[in-house]
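Engineer: Mind the numbering: the sequence shown is residues -26 to -1, 1 to 468 in mature numbering (1 follows the signal peptide of the UniProt record, and there is no 0), read in order.
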Amino acid sequence: MGVVSVKTFGLLCLALATTSTSTAQAATFEVPAKVGAPGYKYAPLDPAPVGLSFEFFAFPSYFTNVTATKQCLANWKSLTGVWPPIRIGGTTQDRAQYDASTSAYVVYSVHNAADAPMTLTFGSKFMTLAGTYEGSVVVGLNRGKNKIENTIAAAKVAVAEVKNLLAIELGNEPEYYPKDGQPIAAGTWNPSVDVASQNSWMIRVGSAIGRKNIIQAGNWNAAAPTWGAANLVAAENATVRQYVRHYAHHNYPGGTIQSLMTHPTTVKNVRTQFEADVAAVLRTGREYVLGETNSVSGGGAAGVSPTFGAALWTMDYALRAAYTNISRIYFHHGTVGNCQYCFFGRYSMGAPYYGAHAAVAFLAGGSHVTALDDPGTTNYAAYVVFDSQGQPLRVLLYNSDYFAGGGGTTRTSQSFTLTGLPRSGSIVRAKRLTAASASSRVDQGSSPTFGGQTFADGTCVVQGTETFESTAVSSNGQATFTLKATEVLIVYLQ
Ligand SMILES: *[C@@H]1O[C@H](CO)[C@@H](O)[C@H](O)[C@H]1NC(C)=O
Ligand SMILES: *[C@@H]1O[C@H](CO)[C@@H](O)[C@H](O)[C@H]1NC(C)=O
Ligand SMILES: *[C@@H]1O[C@H](CO)[C@@H](O)[C@H](O)[C@H]1NC(C)=O
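#1: Would you check whether ligand 2 has a heavy atom nearer than 6 angstroms to the C-beta of V214?
#2: Given a threshold of 16 other Cβ atoms within 10 Å of its Cβ, counted over all protein chains shown, does G419 qualify as buried or as exposed?
#3: Given this structure, state the Cα-to-Cα distance separating L144 from R178, to the nearest angstrom.
#4: Verify the contact flag: N299, CB atom, against every heavy atom of ligand 2, threshold strictly below 6 angstroms.
#5: Determine the contact status of E266 and A196, defining contact as a CB-CB distance below 7 angstroms.
#6: For the beta strand (DSSP E) containing W287, name the first residue and the last one.
#7: Going by Cα to Cα distance, which pick from P366, T433 and L370 is closest to residue 529?
#8: With a threshold of 6 angstroms, establish whether the CB of K242 neighbours any heavy atom of ligand 3.
#9: Among the candidates Y304, I189, S269 and P18, whose CA atom is the shortest distance from the CA of C313?
#10: Give me, in chain order, the residues of the same chain whose beta-carbon lies closer than 8 angstroms to that of T383; leave out the 5 immediate sequence neighbours on both sides.
#11: Have a look at I158 and P18 and give me their C-alpha separation to the nearest angstrom.
#12: For V218 versus M323, is the C-beta spacing smaller than 7 angstroms?
#13: With C-beta atoms as the reference, is N116 less than 7 angstroms away from T125?
#14: Spatial neighbours of Y321 within its chain, please: CB distance less than 7 angstroms, with the 5 preceding and 5 following residues excluded, ordered by chain position.
#15: Since T439 contacts T2 with CB under 8 angstroms, what's their CB separation in whole angstroms?
#16: Report buried or exposed for M(-26), applying the criterion of at least 16 other Cβ atoms within 10 angstroms of its Cβ.
#17: On the CB-based measure, 16 or more other CB atoms within 10 Å of its CB, does E108 come out buried or exposed?
#18: Could you compute how far the alpha carbon of K458 sits from the alpha carbon of T95?
#19: Answer yes or no: the CB of K8 versus the heavy atoms of ligand 3, is any distance below 6 angstroms?
#20: Just to confirm, are D251 and A222 a CB contact at a threshold of 7 angstroms?
#21: Please report the residue range of the alpha helix (DSSP H) in which I231 lies.
#22: Can you confirm whether the stretch 70 to 80 touches the stretch 289 to 302 when touching is taken to mean that 3 or more C-beta pairs between the two stretches lie within less than 8 angstroms?
#23: Given a cut-off of 7 angstroms, decide if Y315 and A285 are closer than it, judged by their beta-carbon atoms.
#24: Would you identify the three-state DSSP class for M92, choosing helix, strand or coil?
#25: By the 10 Å Cβ neighbour count, where 16 or more other Cβ atoms means buried, how is E123 classified, buried or exposed?
#26: On the CB-based measure, 16 or more other CB atoms within 10 Å of its CB, does F455 come out buried or exposed?
#27: Would you tell me roughly how many angstroms separate the C-alpha atoms of K51 and G118, rounded to the nearest one?
#28: Pairs of beta-carbons, one from the stretch 45 to 62 and one from the stretch 392 to 399, closer than 8 angstroms: are there three or more?
#29: Heavy atom of ligand 2 less than 6 angstroms from the Cβ of T211, yes or no?
#30: Between F424 and K405, which are expected to be in contact by the criterion C-beta below 8 angstroms, what is the C-beta distance as a whole number of angstroms?
#31: Could you check how far apart the C-beta atoms of residue 473 and S411 are, in whole angstroms? I think they sit under 8 angstroms.
#32: In this structure, how does DSSP classify T240 when only helix, strand and coil are distinguished?
#33: Can you list, in chain order, the residues of its chain whose CB lies under 7 angstroms from that of T41, leaving out five sequence neighbours each side?
#34: Under 6 angstroms: does the beta carbon of A296 sit that close to some heavy atom of ligand 3?
#35: Please classify P152: does DSSP put it in a helix, a strand, or coil?
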């Protein structure tokens, strides 16, 4: 065997190839025996770290008129035992006003069904609908219009109707208020003016609804530190902070399919955007979440966001965020029928659901996660999730080499060797997430599969027979797995 076992600091080391199926060197990782074993960093996990965000005006449609919504969420509840968290908000939260007199969920008009409304009203029924959800709910309210009495009235209804209300946002991406012509930004608007505005609104809304620990603060999309939670943390006194439940940022990394799905790009994006901001927030003892995120801003890019490559980004990004101590990540869903990055729609599944589903399956029931390949500078990633006893539960391996498909190209393979495995001399099972290529799209007849299964268009019901692969673990606790370019394998250790 050409495997070199290097036990220092969990760094990826390369070893000679051990099988004839691969021309590349094996990526070798040592699996820590338990949480806290030296050489790695460990992040505690939320019971449901992967959630969905629904654009404010579109939320009633998703919940009353898109069949897949409930089932796509329920599929994750059956993996974790917990309904995934949701957030309702986005650009249209700052275009919306509460109207106590309407019996409708939302009232607006658009020239084209593909458009988002420029202005809308919503009734108390909107919050009643949000209150039917069994998982935690974040509700985004308006700050841009600078009508605080209306926002307080809406917040009171949210508190009364949304039984699983986790937090309220006061404004969405406020750095864009001047460009959007929002009245609150008339005059000077910059990070310190916004921070002062957020602080003042938190006190006024929090005290009016009689709730502390209730605001999801921040909610910028532009990069930290200019627009970042560290600024809020630095400006807050104890009066303000008692209203903050946690801090949030948005993120749309963009790029080509290849750059998006390549592991070092994702690691760099998460590290440069969030590590310092998360650290500032953790010092307050509060959580940090990605309150709204997806592959490419503005509903997604048609050539990128619906693909299997974007699905692999979804998975890797969710895991790297969890490892970076980001408690929850809410993948955004925009206008129904005009949403390239959506996980599902009325008629078709989106490939990214498969990546998110694999991340949920991997993290389910876990207490901590680590990244064996930190600092994440090669295309080959490995994560371990640990159970509540601190024992390794599953390993996820990701070969982010890009396979575009098409004629004339061969799909390479990469072998991954795991050392230090429990169950020496036994067999481990594994589930594979795969597709024909990085450009595979469900709506173009090329669905990914996860453990051989798919999700039905229109309903999100799982189809097919769940399939596990088996691999022998040697008497010294090693096993080697082969992943094609653009593929994921989840190894079940228990
Ligand atoms: C529900 O969806 C259909 C399209 O399938 C659409 O025509 C209809 O307007 C929608 N109804 C509501 C209440 O959104
Ligand atoms: C705390 O901050 C708020 C908002 O920035 C301010 O209105 C209030 O006066 C401050 N309280 C104290 C005790 O400094
Ligand atoms: C996450 O937070 C834990 C403390 O809960 C810390 O030990 C760990 O180093 C942090 N992870 C990263 C990647 O910074």
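Note that the Cβ used here is the ideal one computed from N, Cα and C, for glycine as well.
Structural biologist: To lay it out plainly:
#1: Taking the sequence shown and counting its residues from 1, one reaches residue 214 at position 240. Checking the Cβ of V214 against ligand 2 gives yes.
#2: Residue 419 sits at position 445 when you count from the first residue of the sequence shown. Burial check for G419: the Cβ neighbour count within 10 Å stays below 16, so the residue is exposed.
#3: Walking along the sequence shown from the start, residue 144 turns up at place 170. Walking along the sequence shown from the start, residue 178 turns up at place 204. If I take the Cα positions, the gap works out to 11 angstroms.
#4: The residue you call residue 299 lines up with position 325 of the sequence shown. The beta carbon of N299 sits no closer than 6 angstroms to any heavy atom of ligand 2.
#5: As a position in the sequence shown, residue 266 is number 292, starting the count at 1. As a position in the sequence shown, residue 196 is number 222, starting the count at 1. No, these two residues do not count as a Cβ contact at 7 angstroms.
#6: Here residue 287 is taken as the residue at index 313 of the sequence shown, counted from 1. Premise fails: W287 lies in the alpha helix (DSSP H), F282 to Y297, not in any beta strand (DSSP E).
#7: In the structure displayed, the chain extends from -26 to 468; residue 529 sits before or after that span and is not available.
#8: Indexing the sequence shown from 1 puts residue 242 at position 268. For ligand 3, not one heavy atom lies less than 6 angstroms from the Cβ of K242.
#9: Your numbering for residue 313 matches position 339 in the sequence shown. It is S269 whose Cα lies nearest to the Cα of C313.
#10: Looking up residue 383 in the sequence shown gives position 409. For T383, same chain residues with a beta-carbon under 8 angstroms away, outside a window of 5 residues either side, are F377 in chain order.
#11: Residue 158 sits at position 184 when you count from the first residue of the sequence shown. Residue 18 sits at position 44 when you count from the first residue of the sequence shown. Rounded to whole angstroms, I158 to P18 spans 38 angstroms at the Cα level.
#12: Position 244 of the sequence shown holds residue 218. Position 349 of the sequence shown holds residue 323. No, the Cβ-Cβ distance between V218 and M323 is not below 7 angstroms.
#13: The residue labelled residue 116 in the question sits at position 142 within the sequence shown. The residue labelled residue 125 in the question sits at position 151 within the sequence shown. The beta carbons of N116 and T125 sit closer together than 7 angstroms.
#14: Taking the sequence shown and counting its residues from 1, one reaches residue 321 at position 347. Within the same chain, and ignoring the five residues on either side of Y321 in sequence, the residues whose Cβ sits closer than 7 angstroms to its Cβ are D431 and G432.
#15: For the purposes of this step, residue 439 is identified with residue 465 of the sequence shown, where counting begins at 1. For the purposes of this step, residue 2 is identified with residue 28 of the sequence shown, where counting begins at 1. Taking the Cβ atoms as the reference, T439 lies roughly 33 angstroms from T2, outside the contact range of under 8 angstroms.
#16: The residue given as residue -26 occupies position 1 in the sequence shown. Low local confidence applies: a pLDDT of 28 at M(-26) is under 50, so the model's placement there is unreliable, with the coordinate-based value given in what follows. When all chains shown are included, M(-26) counts as exposed.
#17: Numbered from its first residue, the sequence shown carries residue 108 at position 134. Answer is exposed; the Cβ neighbour count stays below 16.
#18: The count along the sequence shown starts at 1 and reaches residue 458 at position 484. The count along the sequence shown starts at 1 and reaches residue 95 at position 121. Roughly 50 angstroms separates the two Cα atoms.
#19: Position 34 of the sequence shown, counted from the start, is the residue given in the question as residue 8. Not under cutoff, so the answer is no.
#20: Here residue 251 is taken as the residue at index 277 of the sequence shown, counted from 1. Here residue 222 is taken as the residue at index 248 of the sequence shown, counted from 1. No, Cβ-Cβ distance for D251 and A222 is not below 7 angstroms.
#21: By one-based count along the sequence shown, residue 231 stands at place 257. Per DSSP, I231 belongs to the alpha helix (DSSP H) from I231 to M235.
#22: Segments in contact, no.
#23: Translated into the one-based positions of the sequence shown, residue 285 becomes position 311. Translated into the one-based positions of the sequence shown, residue 315 becomes position 341. Against a cut-off of 7 angstroms, the Cβ pair of Y315 and A285 comes out as no contact.
#24: In the sequence shown, residue 92 corresponds to position 118, counting from 1. DSSP places M92 in coil when its eight states are reduced to three.
#25: One-based indexing of the sequence shown puts residue 123 at position 149. Looking at its Cβ environment, which holds fewer than 16 other Cβ atoms inside 10 Å, E123 is exposed.
#26: If you number the sequence shown from 1, residue 455 lands on position 481. It is buried - the Cβ of F455 has at least 16 other Cβ atoms within 10 Å.
#27: Counting from one through the sequence shown, the residue named residue 51 turns up at place 77. Counting from one through the sequence shown, the residue named residue 118 turns up at place 144. Cα-Cα distance, rounded: 35 angstroms.
#28: The answer is no - the stretch 392 to 399 does not touch the stretch 45 to 62, with fewer than three Cβ pairs under 8 angstroms.
#29: Here the question's residue 211 lines up with position 237 in the sequence shown. According to the sequence as given, residue 211 is Asn; it is not Thr. With a threshold of 6 angstroms, the Cβ atom of N211 counts as near ligand 2, since some heavy atom of the ligand is closer than that.
#30: Locating residue 424 in the sequence shown gives position 450, where the first residue counts as 1. Locating residue 405 in the sequence shown gives position 431, where the first residue counts as 1. Right, their Cβ atoms sit about 6 angstroms apart.
#31: Look at the range of the chain in this structure, -26 to 468, and you will see that residue 473 is not part of it.
#32: Mapped onto the sequence shown, residue 240 falls at position 266. In this structure, DSSP gives T240 a helical state, which the three-state scheme calls helix.
#33: Residue mapping note: residue 41 aligns to position 67 of the sequence shown, counting from 1. The beta carbon of T41 is closer than 7 angstroms to those of G432 and T433 in its chain, skipping five residues each way along the sequence.
#34: If you number the sequence shown from 1, residue 296 lands on position 322. Residue side-chain check: A296 keeps its Cβ at 6 angstroms or more from all non-hydrogen atoms of ligand 3.
#35: Looking up residue 152 in the sequence shown gives position 178. Coil at P152, not helix or strand.
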